[in-house]
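So the structure is just underneath, and the comments pick up after that.
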Amino acid sequence: MKKIQKIYSVILLCCISTTIMANSVEPKYKWSVSTGWLHIMPQGKYGNTSINTAVDPDYEYDLLKNIGITSKMEGLSNWTENAGLKPKDGDTLGLMINYYVNDNISLQMIGGVPPKIDIKGKGQINAKPIALNPMIDAAIIDILGPDRNLFITDLGSRSKLAEATAWTPAATAQYHFGTTGINKFRPYVGAGIMYATFTGLKIDKGLEEELITAGHRIGHITNIVRDDDPMKDINGNLLDAIVDPIGVRINSPVDPKVKVKATDALGAVFTLGANYDISNRIYITGSLTYVDLSNKSKITVYDQISGRQLVSSSTKINLNPLISYIGIGYKF
548 MKKIQKIYSV
558 ILLCCISTTI
568 MANSVEPKYK
578 WSVSTGWLHI
588 MPQGKYGNTS
598 INTAVDPDYE
608 YDLLKNIGIT
618 SKMEGLSNWT
628 ENAGLKPKDG
638 DTLGLMINYY
648 VNDNISLQMI
658 GGVPPKIDIK
668 GKGQINAKPI
678 ALNPMIDAAI
688 IDILGPDRNL
698 FITDLGSRSK
708 LAEATAWTPA
718 ATAQYHFGTT
728 GINKFRPYVG
738 AGIMYATFTG
748 LKIDKGLEEE
758 LITAGHRIGH
768 ITNIVRDDDP
778 MKDINGNLLD
788 AIVDPIGVRI
798 NSPVDPKVKV
808 KATDALGAVF
818 TLGANYDISN
828 RIYITGSLTY
838 VDLSNKSKIT
848 VYDQISGRQL
858 VSSSTKINLN
868 PLISYIGIGY
878 KF
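In terms of this note's numbering, the sequence shown opens at residue 548 and continues consecutively.
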């Protein structure tokens, strides 16, 4: 809600500024285009990660059926604090097109070559199974330790967890100080809106394998009510199997596959820059822009056999990029 209010405020500010200055001196040239280097520096912090699994915490699982012991299993769906995703710095070729309403007000379209953004991670993601039956819970502690950590993945173990192509068109209204023909150096301020969408999202192969292993584990846990579960021996020793990353895939009741998705985002843009005229038509330009932008990323592990979701992980990615731009332009 706060972000929507901020965007509305930016739109209102741009409209008021354009209206007030509409009767100013007509510019000699109505259009300009520049191209140059865009450097993208995300400023956002790591967000917490939520984990959801197919394990129903209210279901009474028959863990040791042959001796009549049942228990509920909790803790496999939770928020993991201090574990999340964050984009790395990036570079691309920028393209800026300006239409001059008058000598002081311009409307700018911001584009360029869509940059490929690398995403890094921080922290481990673990599930913490808790059995409400004391005997079963003691077995969990014996195998997993007092912290009850059933490892899913370590986000910080790789230099790059994922990559995506970012499409981020933006539009701003700018106010240019000074006067054409008198001031060669003309600072400006601007505000506007950016729309961001992400394509070609791919995750690291090692991370994908760890998530598939987690899918097998959850598949076995949700399948233990069946008499023919291949991972449960006559003594019901299931937990020993689900912590083994290789053994868990043997005779697995599921066929996990990983799917990744990132949401689109809309953010407010604030910019500070300057142009310097080399000649009547050619100029150099530089700017520093901040975008209040965040989106959500969701990783889902589902069973290709049944279509059932096994594990899902979602996190808020705080992009909030600071973007520097240096380019050369032409007026016409």
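Ideal Cβ positions, reconstructed from N, Cα and C, are used throughout, including at glycine. All of these numbers come straight from a predicted model, not from anything done at the bench.
Sorted by chain position, which residues of the same chain lie with C-beta nearer than 7 Å to residue i's C-beta, five sequence neighbours on each side aside?
i: Lys575; result: Thr727
i: His763; result: Val795, Arg796, Ser799, Val801, Pro803
Have a look at residue i and residue j and give me their C-alpha separation to the nearest angstrom.
i: Leu857; j: Ser706; result: 27 Å
i: Ser871; j: Leu835; result: 5 Å
i: His586; j: Met741; result: 16 Å
i: Ile873; j: Ser581; result: 9 Å
i: Asp701; j: Met656; result: 40 Å
i: Ile644; j: Gly658; result: 8 Å
i: Pro868; j: Ser704; result: 24 Å
i: Leu640; j: Phe698; result: 41 Å
i: Tyr735; j: Ala821; result: 6 Å
i: Leu654; j: Lys577; result: 11 Å
i: Leu819; j: Ile831; result: 15 Å
i: Thr760; j: Asn673; result: 13 Å
i: Glu756; j: Ala718; result: 41 Å
i: Leu632; j: Ser597; result: 12 Å
i: Gly833; j: Tyr647; result: 18 Å
i: Tyr837; j: Asp811; result: 18 Å
i: Gly739; j: Leu642; result: 16 Å
Can the beta-carbon of residue i be found closer than 9 Å to that of residue j?
i: Lys669; j: Ala720; result: no
i: Ser517; j: Lys845; result: Because the chain in this structure spans residues 548 to 879, residue 517 falls outside the shown range and cannot be described.
i: Pro661; j: Ala709; result: no
i: Gly737; j: Val816; result: yes
i: Gly591; j: Ile875; result: no
Exposed or buried, what is residue i when buried is set at 16 or more other beta-carbons lying within 10 Å of its beta-carbon?
i: Thr715; result: buried
i: Phe745; result: buried
i: Ile852; result: exposed
i: Cys849; result: Looking at the sequence shown, residue 849 is not Cys but Tyr. It counts as buried.
i: Leu866; result: buried
i: Ile729; result: exposed
i: Leu754; result: buried
i: Asp839; result: buried
Within a Cβ cutoff of 8 Å, which residues of the same chain sit near residue i, ignoring the five residues on either side of it in sequence?
i: Gly635; result: The residue asked about is misnamed: residue 635 is Lys in this sequence, not Gly. If we look at Lys635 and ignore the five residues flanking it on each side, its Cβ neighbours are Pro589, Ile664, Asp665, Ile666, Lys667, Lys707.
i: Ala711; result: Lys663, Ile664, Ile666, Phe745, Thr746, Gly747, Leu748, Lys749, Ala809
i: Lys731; result: Tyr823, Asp824
Taking 9 Å as the CB-CB cut-off, is residue i touching chain B?
i: Pro734; result: Checking the listed chains, one finds no chain B in this structure; it contains a single protein chain.
Residues in its own chain within less than 6 Å of residue i by CB, not counting five upstream and five downstream?
i: Leu758; result: Val805, Val848
i: Gly725; result: Arg733
i: Gly637; result: Ile587, Pro662, Ile664
i: Leu813; result: Tyr742
i: Val807; result: Leu748, Ile750, Ile846
i: Ser579; result: Asn645, Gly876, Lys878
Can residue i be considered in contact with the ligand SAM, in the sense that its beta carbon sits closer than 8 Å to one or more heavy atoms?
i: Ile864; result: Judged by which ligands are present, the structure shown has none, so any question about the ligand SAM falls away.
At least three beta-carbon pairs within less than 8 Å, the stretch 823-831 to the stretch 744-752: Cβ pair count under 8 Å is below three, so no.
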